[in-house]
Amino acid sequence: MKARKSQIKIGESVAVLMIFFILIIMGIIFWSRYSQMSATQQQETDIISKAIKTSQTVTFLPELQCSTLEVIKFSCFDLYKIRAMQELMADGDEMQYYFDSFSFSNITVYSIYPTTESWNLYDFTGGNISGYVTTQIPVAIYDPVTMKFAFGYVNVAAYVKGRG
Amino acid sequence: MKKTRKKSQTELLGIAIVVIILSIGVLILISNVMKKTTTTEQKREFSEKQMATNILGAILSTSTNFRNDRISTLLIDCGNCAPDPSMRGSCSYYEGGQEGDIYIPPTDVCTYLQTIISYMLDNTLKVWNKKYQFLAYISLSYPQINITEGIEQCMEKSSYVQKDFYYLPLYPQTLTVELSLCS
Amino acid sequence: MMVFCKKGKKAQIEVQFNWIFVLIVGAVILVFFIAIVNVQKKAADKNLAYDILGKIDLIISGALTIPKTGQIFDMPRIDFNFQCDRISAFGVDKQFQDRIVFGPDLLRGRQLIVWSQDWNVPYKTANFLYVTSDNVRYIIYYNVTEQDANELNTELPDNITKEIVHANDFSGLEDRNNYKVRMIFLGDAYYTDIHNSDFLPQFMKDMPDSAVTAVQFFENDVMFYEKRGDMLVANEGLTVKILGKPMKYGAIFAEDLEMFNCSYYKAFKKLVYVSRVYSRRESALNISYADNNDCKGQARADTEIDQIAEAANSTPPDIVGIESSEGTIATKNNNALERSCAPVY
């Protein structure tokens, strides 16, 4: 009788421990699923941050900014610099150099008013993209010959690399 | 009796520990969720604030065919006009013509600007699914220029509206140029 | 009696067995939880490092877009390892990519100080960023001309830990518990004085070699010193030609010759690519101004800009050649501005 009682008691203890560990394991599974979800969200936030950072870099490039002597005009691109940059980017050497700044992205300047025109400055997909996130930054486009400003924007599309 | 009391005390302690562990777990979960929301929200607000600043600066710098003046100069002219379009007889007058890709009929300077700026905002902010309001006024109740696109929906939740202002001199008054923006 | 003895022994064994069982299970549970906490702690440290480095990256990006600013940021109590092209902590690193940053190899302290300057050659070429900590001590050493030392002291940001010291007062310097000391010798400091085992104050001799460094400026040249034992030794006796004050400040903040050279060559590489854009622009302007003799020829500088690109592309960069072309470009730029033509820059 007493032997049976103690056996039952041990069985009880073991059962409690088993349930305890099952609960812990369930908690860990739930936590890892949640972490995975937040990692995906983090990746999306990172892509958006990358797009914003690239567009900031483009907006402040001395190779594109309007300037008179050493005074920089903010949110303004020089039309002749845009054209020069576009021509130079056709050369592979330039593309390689600017990859450090722009990574996998597409950078295009659009003129809206008075005329519509566009200049693709940079485009590097590196193959196998699954999507892209875009940011737009409005800019004035200055023609130093006519001394007139057009209205436009820079479109930066940061590519999302696909898996595999 | 003593044994029973000790047993129940131990059981109560066990329950207390479980409750404490669960509370800590829930607290960590909530704090994680709150943190992420704040960071994403701050990024969005910063981007929109910057966009409002950039677009207003770019618009004001833009050159037009109206006396080859920039929009900022024409806005000053418009500031001297009456807010009511029917009372703008003495305003600067645009003879009409092709402005790049758009044709503008003969009109006063404020209406000319309304057309041009609407065109610019339609081809940028509207395309990018932003809601906005562009105002140029001496007195907010009677703006010289008012371009609105869906901003009423955002006005209810005033914290989501990003604004930027420019002030143009109109002696003795000031012309305020305001752009409000939200997603 | 026998029955009683048997039962007594059984009870004793049962109690001990119970205790052993409790100990083993308790130990297993404890180990299990410690393992989980350990894994989570490592992940949390990495997350923290990633978060902080992301913020530092944003600070650097922001500072680079608004030059001539000195900004202070509170730092967490962790050590950052700094290299020419990256900053790292807890095994996580953040690349600077093409950004030109000068700083010490280790950042430690309560405040991170960032300062940026435009580098114009003569057109705007790049922004240089200088990163340091409030716990790095900068000592401007002078022998004869106090004016030069005062000028440099005024140019450097106010919020760094800096001081001016005359040669006579140098040995009397006291330890202020800084983890790094950087000495800046101006042209009038004698090499024979510096390269002497009695030169350094005792507290600097007691500091680790990597914690004490120095630079010396001679007109447009800079020489780096490192501490070996009780002495400062010039880095292979090599001098580097610098171009412009922003580069001079870079030499002050860079840890050593190697890290300075890394950012130095990055800057000249940037100059090559910026010059190419300006040169192409000048050629296009020459064509646009085909009917306007005032605005082409003496108002356009494509040849000189090409010369700058070529001089910047050589190893080492031809500073004299660049400076010569700079002068001509500035003249042509003034010509363009006077004639209401599109300026060169």
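Residue numbers (our numbering), protein chains in the order written: chain E, -11 to 152; chain X, 11 to 193; chain R, 689 to 1033.
Glycine included, each C-beta is placed from N, C-alpha and C at the ideal position.
Mind checking which residues open and close the alpha helix (DSSP H) that includes Arg71(E)? Leu67 to Met77
So, using beta-carbon positions, are Tyr953(R) and Tyr1033(R) closer together than 8 Å? no
Leaving aside the five residues before and after Met689(R) along the sequence, list all residues of the same chain whose C-beta is less than 7 Å from its C-beta, in chain order. Because the pLDDT at Met689(R) is just 48, under 50, the model does not fix this residue reliably, and the value given afterwards should be weighed accordingly. Taken in chain order, the list of residues that qualify is empty.
Report yes or no: is there a C-beta of chain C within less than 8 Å of the C-beta of Arg1027(R)? Note that chain C does not occur in the displayed structure, where the protein chains are E, X and R.
Looking at the structure shown, is Asn1021(R) part of a helix, part of a strand, or coil, going by DSSP? Asn1021(R): helix per DSSP, three-state reduction.
Tell me which residues of the region 104 to 120 of chain X have at least one Cβ-Cβ distance to chain E shorter than 7 Å, keeping chain order. Under the 7 Å Cβ criterion, the region 104 to 120 of chain X contributes Glu109, Gly110 and Asp111.
Considering Cα atoms alone, identify which of Tyr961(R), Asn974(R) and Asp982(R) is closest to Tyr85(E). Tyr961(R)
With a threshold of 8 Å on Cβ separation, who are the neighbours of Gly152(E) within its own chain once the five nearest residues in sequence on each side are excluded? In this prediction, Gly152(E) scores a pLDDT of 49, lower than 50, which makes its location untrustworthy; the coordinate-derived value is nonetheless stated afterwards. Taken in chain order, the residues that qualify are Asn116.
At 8 Å on the CB atoms, spell out the chain R contacts of Arg(-8)(E), in chain order. For Arg(-8)(E), none of the residues of chain R pass the 8 Å Cβ criterion, the least Cβ distance being about 14 Å.
Going along chain R, which residues have a C-beta under 9 Å from Ser106(E)? The premise fails here: Ser106(E) is roughly 18 Å from chain R at the closest Cβ pair, so nothing lies under 9 Å.
From Ile766(R) to Ile848(R), what distance separates their C-alpha atoms? 19 Å
Taking Pro1031(R) as the query, report the chain E residues whose CB atoms sit under 8 Å from its CB, ordered along the chain. Residues of chain E passing the Cβ test: Thr56, Leu57 and Pro132.
Out of Gln728(R), Asn908(R) and Gly714(R), which has the shortest C-alpha to C-alpha gap to Met935(R)? Taking only the C-alpha atoms, the option nearest Met935(R) is Asn908(R).
Local Cβ density within 10 Å of Asp979(R), reported as buried at 16 or more and exposed below that: exposed
Runs of 4 residues minimum, wholly inside the region 785 to 843 of chain R: which ones carry the alpha helix (DSSP H) assignment? 834 to 843
So which residues on chain E does Val965(R) lean against when the C-beta distance must stay under 7 Å? Within chain E, the residues near Val965(R) are Glu51, Lys69, Ala72, Met73 and Leu76.
Spatial neighbours of Glu105(E) in its chain, beta-carbon cut-off 6 Å, leaving aside the 5 residues before and after: Ser99
If you follow the beta strand (DSSP E) that Val121(E) is part of, which residue opens it and which one closes it? Residues Ile117 to Asp131.
Nearest-angstrom Cα distance between Ile996(R) and Val809(R)? 9 Å
Looking at chain E, is there any beta carbon in it that lies within less than 8 Å of the beta carbon of Val962(R)? For Val962(R), the answer is yes, since a Cβ of chain E falls inside 8 Å of its Cβ.
Residues sharing a beta bridge with Leu178(X), DSSP: Leu185(X)
Taking CB distances under 8 Å as the criterion, tell me whether Val148(E) reaches chain X. no
Quick one: Cα of Phe721(R) to Cα of Gly779(R), how far? 25 Å
Could you pull out every residue in the same chain whose Cβ sits closer than 8 Å to the Cβ of Thr103(E), ignoring the five residues on either side in sequence? Ala138
So, do the region 827 to 836 of chain R and the region 795 to 811 of chain R have three or more beta carbon pairs nearer to each other than 8 Å? No: fewer than three Cβ pairs fall under 8 Å.
So Gln785(R) contacts chain E; which residues on that side make the cut at Cβ distance below 7 Å? In chain order: Asp88 and Ser89.
Distance between beta carbons of Gln74(E) and Trp107(E), contact taken as under 8 Å: 5 Å
Are any of the Cβ atoms in chain E nearer than 8 Å to that of Met97(X)? no
is_contact[Thr134(X), chain E] using C-beta, thresh 8 Å: yes
Counting only Cβ pairs nearer than 8 Å, list the residues of chain X close to Gln124(E). Met61, Thr134 and Trp138
Evaluate Phe92(E) with the Cβ neighbour count: other Cβ atoms within 10 Å of its Cβ, from every protein chain shown; 16 or more gives buried, anything less gives exposed. buried
For Tyr103(X), which beta-bridge partners are listed by DSSP? Asp118(X)
Inter-residue CB distance, Trp803(R) and Tyr826(R) (contact presumed, cutoff 8 Å): With a Cβ gap of about 12 Å, Trp803(R) and Tyr826(R) do not count as contacting.
Return the chain-ordered ranges of every beta strand (DSSP E) run that is complete within the region 19 to 44 of chain E and spans a minimum of 3 residues. none
Extent of the continuous alpha helix (DSSP H) to which Met135(E) belongs: Unbroken run through Met135(E): none, as it is neither H nor E.
Do you know whose CA, among Ser885(R), Asp762(R), Ser976(R) and Asp990(R), lies nearest Ser1013(R)'s CA? Asp990(R)
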